[in-house]
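Asks:
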Amino acid sequence: MASALLCSAAFASSENYVAITNGAIASVFENAVAEEGRSVVSFGTDNMEVQAVGGRTPVDVVLLPEENFTGWLEWNEPTWKSGNTTLHDNKPGIDTTYFYYIQGSGNPAVEIGVDDPIEKDGTMVYKPQYTYYSPDGSLGMPVMGLYYKFTPKVSGSLKVQIWANKGNRYTYVVKESTKTPISYVKEGYVNGMNQSVTVTMKDTLGNDSIGTMNQKILLTNEQLDSIHAAVLWKYDLIHSQGTISGLTAERLADSIASGLYTNIQVDTIKSNGENDPYIIAGGNQAFWGWITFEVEAGESYWLFQHSSQVGFAGYEFTFGEESGEEEEDDNRTKYIFNINDIYAKAQSGEYAASVSGTKYNFNVDDRIVTDGIFTMVSKKDRTYRVDLIGDAVEYDGYTATARLEPNGTSNSTGGRQLFFDAPAAGTLYLGTWGADTRSVFVMPATDTETFIDVKKEAVAATAVFTHKFSGENSAKKEDGTPQVYEVAIDNAGLYCITQDNDIYYGYVMFATDAESAITNVENEVSGSAEIFNLQGQRVGTMLPGRLYIRNQKKIIIR
Numbered sequence: 006m007a008s009a010l011l012c013s014a015a016f017a018s019s020e021n022y023v024a025i026t027n028g029a030i031a032s033v034f035e036n037a038v039a040e041e042g043r044s045v046v047s048f049g050t051d052n053m054e055v056q057a058v059g060g061r062t063p064v065d066v067v068l069l070p071e072e073n074f075t076g077w078l079e080w081n082e083p084t085w086k087s088g089n090t091t092l093h094d095n096k097p098g099i100d101t102t103y104f105y106y107i108q109g110s111g112n113p114a115v116e117i118g119v120d121d122p123i124e125k126d127g128t129m130v131y132k133p134q135y136t137y138y139s140p141d142g143s144l145g146m147p148v149m150g151l152y153y154k155f156t157p158k159v160s161g162s163l164k165v166q167i168w169a170n171k172g173n174r175y176t177y178v179v180k181e182s183t184k185t186p187i188s189y190v191k192e193g194y195v196n197g198m199n200q201s202v203t204v205t206m207k208d209t210l211g212n213d214s215i216g217t218m219n220q221k222i223l224l225t226n227e228q229l230d231s232i233h234a235a236v237l238w239k240y241d242l243i244h245s246q247g248t249i250s251g252l253t254a255e256r257l258a259d260s261i262a263s264g265l266y267t268n269i270q271v272d273t274i275k276s277n278g279e280n281d282p283y284i285i286a287g288g289n290q291a292f293w294g295w296i297t298f299e300v301e302a303g304e305s306y307w308l309f310q311h312s313s314q315v316g317f318a319g320y321e322f323t324f325g326e327e328s329g330e331e332e333e334d335d336n337r338t339k340y341i342f343n344i345n346d347i348y349a350k351a352q353s354g355e356y357a358a359s360v361s362g363t364k365y366n367f368n369v370d371d372r373i374v375t376d377g378i379f380t381m382v383s384k385k386d387r388t389y390r391v392d393l394i395g396d397a398v399e400y401d402g403y404t405a406t407a408r409l410e411p412n413g414t415s416n417s418t419g420g421r422q423l424f425f426d427a428p429a430a431g432t433l434y435l436g437t438w439g440a441d442t443r444s445v446f447v448m449p450a451t452d453t454e455t456f457i458d459v460k461k462e463a464v465a466a467t468a469v470f471t472h473k474f475s476g477e478n479s480a481k482k483e484d485g486t487p488q489v490y491e492v493a494i495d496n497a498g499l500y501c502i503t504q505d506n507d508i509y510y511g512y513v514m515f516a517t518d519a520e521s522a523i524t525n526v527e528n529e530v531s532g533s534a535e536i537f538n539l540q541g542q543r544v545g546t547m548l549p550g551r552l553y554i555r556n557q558k559k560i561i562i563r
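In the numbering used here, the protein residues as written are 6 to 563.
(1) Here's a check: name, in chain order, each residue in its chain whose Cβ is nearer than 8 Å to the Cβ of V38, leaving out the five neighbours to either side.
(2) So, helix, strand or coil for E454, using DSSP?
(3) Residues in the same chain with beta-carbon distance under 7 Å from K180, minus the five sequence neighbours each way, listed in chain order, please.
(4) Could you tell me the distance, in whole angstroms, from the CA atom of Q228 to the CA atom of Y283?
(5) Could you give the distance in angstroms between the alpha-carbon of V204 and the alpha-carbon of G211?
(6) Closest by CA to G150, which one among S182, A114, Y266 and R174?
(7) Excluding sequence positions up to five away, which residues of its chain have a Cβ less than 6 Å from the Cβ of E410?
(8) Determine the burial state of G247: buried for a count of at least 16 other Cβ atoms within 10 Å of its Cβ, exposed for fewer.
(9) If you reduce the DSSP assignment to three classes, tell me which class A516 lands in.
(10) Between T388 and A397, is the Cβ-Cβ spacing less than 8 Å?
(11) So for Q352, helix, strand or coil by DSSP?
(12) Where does the unbroken alpha helix (DSSP H) through F34 begin, and where does it stop?
(13) The beta strand (DSSP E) that contains H472, what's its start and end?
(14) Counting only the same chain and skipping the five closest in sequence on each side, list residues whose C-beta sits under 8 Å from that of N280.
(15) Enumerate in chain order the residues of its own chain whose CB-to-CB distance from T452 is below 8 Å, with the five nearest sequence positions on each side excluded.
(16) Provide the residue span of the beta strand (DSSP E) that contains E88, from first to last.
(17) For the candidate residues K158, A450, K473 and D120, whose alpha-carbon lies nearest to that of A427?
(18) Could you check what DSSP says for I269 in three-state terms: helix, strand or coil?
(19) Please classify P70 as buried or exposed, where buried requires at least 16 neighbouring CB atoms within 10 angstroms.
(20) According to DSSP, is I347 helix, strand or coil?
(21) What whole-angstrom Cβ distance do K158 and A302 have, given they're in contact under 8 Å?
(22) Could you tell me the alpha carbon to alpha carbon distance between L423 and Q56, rounded to whole angstroms?
(23) For I296 and R174, I'd like the C-alpha separation in whole angstroms.
(24) Between Q134 and the rest of its own chain, which residues show a CB-CB distance below 8 Å, the 5 nearest in sequence each way excluded?
(25) For N21, collect the residues of the same chain with a Cβ closer than 8 Å to its Cβ; drop the 5 residues on either side in sequence, then sort them by chain order.
(26) Compare the beta carbon distance of I107 and M206 with 8 Å and say whether it is the shorter of the two.
(27) Run through DSSP, which three-state label would R256 get?
(28) Please tell me whether V489 and G436 are closer than 8 Å, where the distance is taken between their beta carbons.
(29) Just how far apart, CA to CA, sit S201 and H93?
(30) If I measure Cβ to Cβ from V382 and keep anything under 6 Å in the same chain, skipping five residues before and after, which residues do I get?
(31) Is it buried or exposed for P601, if we count other Cβ within 10 angstroms and need 16 for buried?
(32) What are the boundary residues of the beta strand (DSSP E) that F298 is part of?
(33) Checking the sheet assignment: what are the DSSP bridge partners for A405?
(34) Answer yes or no: do W85 and G109 have a C-beta to C-beta separation smaller than 8 Å?
(35) Apart from the five residues on each side of it in sequence, which residues of its chain come closer than 6 Å, Cβ to Cβ, to S568?
(36) So, for I249: in the same chain, excluding its five sequence neighbours on each side, which residues have a beta-carbon less than 6 Å away from its beta-carbon?
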């Protein structure tokens, strides 16, 4: 069938991930392995994919004055460990409430160098010099150190539980496609912000006793803003007898007026900014709490601190709220070859790449698989190139910000090709650039191991799509976006996308025909038919975006 009605009742769905419970960290962190200076931990829930990336840090180099610095000799390898704090005083007979989090390692820097040496005890000490992320995106994303990357499959609201060792450090949530931060709402606890509460505890004999204890105050977004606005400026009073640090303007004026100090100088310290949206709490105090931000399906969001390590405890992802009105639903299944993700991996160093501006040349010795059905394969002597495009390409819910050249200037010995395994009849969407006389082909394939040399084989008889770039159809459209081509795929099976010379792809998407897609049903189903997941387990509640089996048929909730 071509369409189905949505449910008549409104609903909202959410899913949770807990990284640490009672001090025990999740097994994916417990068993994490560091490779080439990075520890990449992948996890998530049904509608959210997450990567936690930890990095190593160089150990200071100590040399004799006549020795030359040649590079970092030792490194502290990436680590994952648990951390916690109590949210109130420990009192006899009172159960302690802990705030648990995972601690990773490494400063999230875009570049690392070395500072000028410091002379100490007859030696020269070399320390690392970090270049950190800039919120205008001009320096690019971190390529080392600790960050968390969230990629939702559906749009919604993501609430992440974090620990920030220093509340006056910048805490960013950066949208990967734009490389610029987005806003978030925060709530939680700040070290030193306590209230005294009356509690029933135990005395030395074990009997109930009434007393008081300090309890951290749960602060709202507005309260947190007011805290760091109130300590916007601090002052150091420098005088003959020494220095008095961190005075408010009022205390500074009182100190000067007292006449107790001679040879006065005043130095100002901006501890944080009233209008700075990336500072969670004022002062040099720790923060424990939650930040909440909106996410779009298919986008990726990086969470990290400017020059420190942010702790992570888990998240709650809320999505799927429907209006309750009956409407037709597009029940095609869409598959995206995620060029944005390939660009980000090249940029982050996951692929060994040579860099020229925003262009990355890298080898793929094995294969890249994205969205389940697309496989990019290469011979070892072939290099891919991926770079940013001038204008984002938006098509059918997907926004491409990078482009891929998977074939180079010669295909005479095979080269690189893109295969996709169509699960049903549908439409292949190609957004491509190509110079005059170059051609792109879509052909049936027998396997992903056999390279199709279109310069040596007669492909016209077997290709389901052939396009030769010429004249107004060459290169790109006037607005800088690629040409859009729709290729009808009549049958399920394996296909190859290839070309006879270098051609760029802005995006590649395959969508099943509505008639061939899995049937949609109402979210509220009759209790007369039992419902099972794909593992054969009986379920009571169906979640949107998940496959189920009822009456021996596959169904999906939209």
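From the three backbone atoms N, C-alpha and C, an ideal C-beta is built for every residue, glycine too.
Replies: Walking through what the data contain:
(1) Against the sequence shown, residue 38 aligns to sequence position 33. S44, listed in sequence order.
(2) Your numbering for residue 454 matches position 449 in the sequence shown. DSSP, reduced to helix, strand and coil, places E454 outside both helices and strands of the structure shown, so it counts as coil.
(3) For the purposes of this step, residue 180 is taken as residue 175 along the sequence shown, with counting starting at 1. Cβ neighbours of K180 beyond the five flanking positions: I187, E304 and Y306.
(4) Within the sequence shown, residue 228 is the residue found at index 223, counting from 1. Within the sequence shown, residue 283 is the residue found at index 278, counting from 1. Per the coordinates, the alpha-carbon of Q228 lies some 15 Å from the alpha-carbon of Y283.
(5) On the sequence shown, position 199 is the one that residue 204 refers to. On the sequence shown, position 206 is the one that residue 211 refers to. Computed Cα separation, rounded: 15 Å.
(6) Locating residue 150 in the sequence shown gives position 145, where the first residue counts as 1. Nearest of S182, A114, Y266 and R174 to G150, Cα basis: A114.
(7) Stepping through the sequence shown from its first residue, residue 410 is reached at position 405. Cβ within range, chain order: R390, D507 and Y509.
(8) Here the question's residue 247 lines up with position 242 in the sequence shown. It is exposed - the Cβ of G247 has fewer than 16 other Cβ atoms within 10 Å.
(9) To locate residue 516, count along the sequence shown from 1; it is residue 511. It is a strand residue.
(10) Residue 388 sits at position 383 when you count from the first residue of the sequence shown. Residue 397 sits at position 392 when you count from the first residue of the sequence shown. For T388 and A397, no; Cβs fall outside 8 Å.
(11) The residue given as residue 352 occupies position 347 in the sequence shown. In the structure shown, Q352 sits in a helix (DSSP, three-state: H, G or I).
(12) Position 29 of the sequence shown, counted from the first residue, corresponds to residue 34. F34 -> alpha helix (DSSP H) spans S32 to E35.
(13) Locating residue 472 in the sequence shown gives position 467, where the first residue counts as 1. Per DSSP, H472 belongs to the beta strand (DSSP E) from F470 to K473.
(14) Mapped onto the sequence shown, residue 280 falls at position 275. The pLDDT assigned to N280 is 48, lower than 50, so where the model puts this residue is not dependable, and the model offers no usable value.
(15) Looking up residue 452 in the sequence shown gives position 447. The question names Thr, yet the displayed sequence has Asp at residue 452. So the list reads L499, once near-sequence residues are dropped.
(16) As a position in the sequence shown, residue 88 is number 83, starting the count at 1. According to the sequence as given, residue 88 is Gly; it is not Glu. Note, G88: beta strand (DSSP E), K86 to T91.
(17) Stepping through the sequence shown from its first residue, residue 427 is reached at position 422. When the alpha-carbon of A427 is set against those of K158, A450, K473 and D120, the nearest one is in A450.
(18) Translated into positions along the sequence shown, residue 269 becomes position 264. In the structure shown, I269 sits in coil (DSSP, three-state: anything other than H, G, I, E or B).
(19) Here residue 70 corresponds to residue number 65 of the sequence shown, with the count starting at 1. It counts as exposed.
(20) Position 342 of the sequence shown, counted from the first residue, corresponds to residue 347. I347: helix per DSSP, three-state reduction.
(21) Along the sequence shown, read from residue 1 onward, the residue named residue 158 stands at position 153. Along the sequence shown, read from residue 1 onward, the residue named residue 302 stands at position 297. Contact between K158 and A302 holds, since their C-beta atoms are separated by about 6 Å, short of 8 Å.
(22) Position 418 of the sequence shown holds residue 423. Position 51 of the sequence shown holds residue 56. Just so you know, the alpha carbons of L423 and Q56 end up roughly 25 Å apart.
(23) As a position in the sequence shown, residue 296 is number 291, starting the count at 1. As a position in the sequence shown, residue 174 is number 169, starting the count at 1. Looking at the two C-alpha atoms, the distance is approximately 15 Å.
(24) Start at 1 with the first residue of the sequence shown, and residue 134 comes out as number 129. These residues qualify, in order along the chain: I117, G118, V119 and D120.
(25) As a first step, residue 21 must be located in the sequence shown, where it is residue number 16. So the list reads T50, G319, Y320, E321 and F322, once near-sequence residues are dropped.
(26) Position 102 of the sequence shown holds residue 107. Position 201 of the sequence shown holds residue 206. Not in contact: I107 and M206 (Cβ atoms no closer than 8 Å).
(27) Numbered from 1 along the sequence shown, position 251 holds the residue referred to as residue 256. In the structure shown, R256 falls within a helical segment according to DSSP collapsed to helix, strand and coil.
(28) Translated into the one-based positions of the sequence shown, residue 489 becomes position 484. Translated into the one-based positions of the sequence shown, residue 436 becomes position 431. In contact: V489 and G436 (Cβ atoms closer than 8 Å).
(29) For the purposes of this step, residue 201 is taken as the residue at position 196 of the sequence shown. For the purposes of this step, residue 93 is taken as the residue at position 88 of the sequence shown. S201 and H93 have their C-alpha atoms spaced approximately 10 Å apart.
(30) Position 377 of the sequence shown, counted from the first residue, corresponds to residue 382. Excluding residues up to 5 positions away in sequence, R372 and T453 lie with their Cβ nearer than 6 Å to the Cβ of V382 in the same chain.
(31) With the chain represented from 6 up to 563, any question about residue 601 goes unanswered, as that position is not in the structure.
(32) In the sequence shown, counting from the first residue as 1, residue 298 sits at position 293. Going by DSSP, F298 is part of the beta strand (DSSP E) stretching over F292 to V300.
(33) One-based indexing of the sequence shown puts residue 405 at position 400. Answer is V398.
(34) Sequence index remark: in the sequence shown, residue 85 carries index 80 (1-based). Sequence index remark: in the sequence shown, residue 109 carries index 104 (1-based). Contact: yes.
(35) As shown, the chain starts at 6 and ends at 563. That puts residue 568 outside it, with no answer to give.
(36) Residue 249 sits at position 244 when you count from the first residue of the sequence shown. Hits under 6 Å: L242.
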